[in-house]
Amino acid sequence: MKQKSTQLLESQLQGKRLLLLSCCAPCSVEAIERLAGMRIDFAVLFYNPNIYPATEYQHRLEQNKQVCERYHVPFYEGEYDHQIYLDAVKGVEHLGERSARCQKCFELRLAYAATFAKEHGFDLMTSVFAVSRWKDLNQVSLAGQRTAVDGVDYVDINWRKGGAQERRQELIKEQGIYEQPWCGCEFSKRDIKK
0 MKQKSTQLLE SQLQGKRLLL LSCCAPCSVE AIERLAGMRI DFAVLFYNPN
50 IYPATEYQHR LEQNKQVCER YHVPFYEGEY DHQIYLDAVK GVEHLGERSA
100 RCQKCFELRL AYAATFAKEH GFDLMTSVFA VSRWKDLNQV SLAGQRTAVD
150 GVDYVDINWR KGGAQERRQE LIKEQGIYEQ PWCGCEFSKR DIKK
């Protein structure tokens with residue numbers, strides 16, 4: 000799937016409200032900084048029922064809030080109910096990273112974000128799910144397109160290009176952001192240990 004250039008992205012977002020679905024601070028910090036620099040009307044949603052255990056969820060939540068506070072970006076937290084995630088991936092939990100398990104997880108979280116966006120007056124939504132080296136950009140794009148709702152389009156942004164990865168690492172170091180060694184769910188943690 001073709002990704003948007005920065006100039007096209009900025010022109011597309013002007014005059015629109017964007018909801019950025021974030022999985023964690025290290026994946027979103029560069030995107031938040033970039034969007035804040037464009038003076039785009041956007042907010043961050045943290046909806047991650049996949050993260051396990053609850054202590055890990057809380058740590059990632061607090062880190063993401065701090066990044067948003069630093070850039071003066073509105074922050075929303077979705078409901079945390081890990082059982083919703085377990086139900087969504089039932090039958091594919093044994094599969095590894097970049098599999099149907101991840102696809103179901105993306106779709107669960109992006110569908111929630113799309114509904115949230117519509118209910119809160121956002122025109123567009125996107126995510127930073129594909130920033131992680133553990134995730135497939137095309138899988139995330141497909142999930143975003145599948146879950147978009149009437150009145151809220153999914154914007155396909157590649158947050159890895161144009162020096163973004165390097166800047167992300169600089170920001171993580173500068174801001175002392177906790178960088179976790181796995182995606183979030185117990186299954187991704189299992190896979191990383193292999």
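Under numbering that gives the first Met the number 0, the first residue of the sequence shown is numbered 0, with each subsequent residue one higher.
Note that beta-carbon positions come from the ideal geometry of N, C-alpha and C, so glycine has one too.
| Query | Result |
| --- | --- |
| Buried or exposed for Y177, going by 16 or more other Cβ atoms inside 10 Å? | exposed |
| Indicate the three-state DSSP secondary structure (helix, strand or coil) for F105 in the structure shown. | helix |
| Among M124, A110, Q179, which one has its Cα closest to the Cα of Q62? | Q179 |
| DSSP on Y177, reduced to helix/strand/coil? | coil |
| Span of the alpha helix (DSSP H) holding V201? | The first residue shown for the chain is 0 and the last is 193, placing residue 201 beyond what the model contains. |
| Give the range of the beta strand (DSSP E) segment to which Y79 is assigned. | Per DSSP, Y79 belongs to no beta strand (DSSP E) and is neither H nor E. |
| Find the nearest neighbour of V154 within the set G161, R166, D122, judged by alpha-carbon distance. | D122 |
| Measuring only the C-alpha atoms, how far is L19 from R132? | 19 Å |
| Considering only their Cβ atoms, is the gap separating V72 from Q174 smaller than 9 Å? | no |
| Could you say which of R59, V148, D80, Q13 lies nearest to W181 if we only look at CA atoms? | R59 |
| Quick check: E29 and A163, are their CB atoms within less than 9 Å of each other? | yes |
| Please work out which residues of its chain come closer than 6 Å, Cβ to Cβ, to L94, disregarding the five sequence neighbours upstream and downstream, and give them in chain order. | R100 |
| Can you tell me which of the three DSSP states R100 falls into? | helix |
| How many angstroms separate the CA atom of Q2 from the CA atom of I31? | Low confidence applies to Q2: its pLDDT is 45, below 50, so where it sits in the model is not reliable, and the reading given next is rough at best. For Q2 and I31, the distance between alpha carbons rounds to 18 Å. |
| Evaluate the contact criterion for the region 74-82 versus the region 39-53: three or more CB pairs, one atom per stretch, below 8 Å. | yes |
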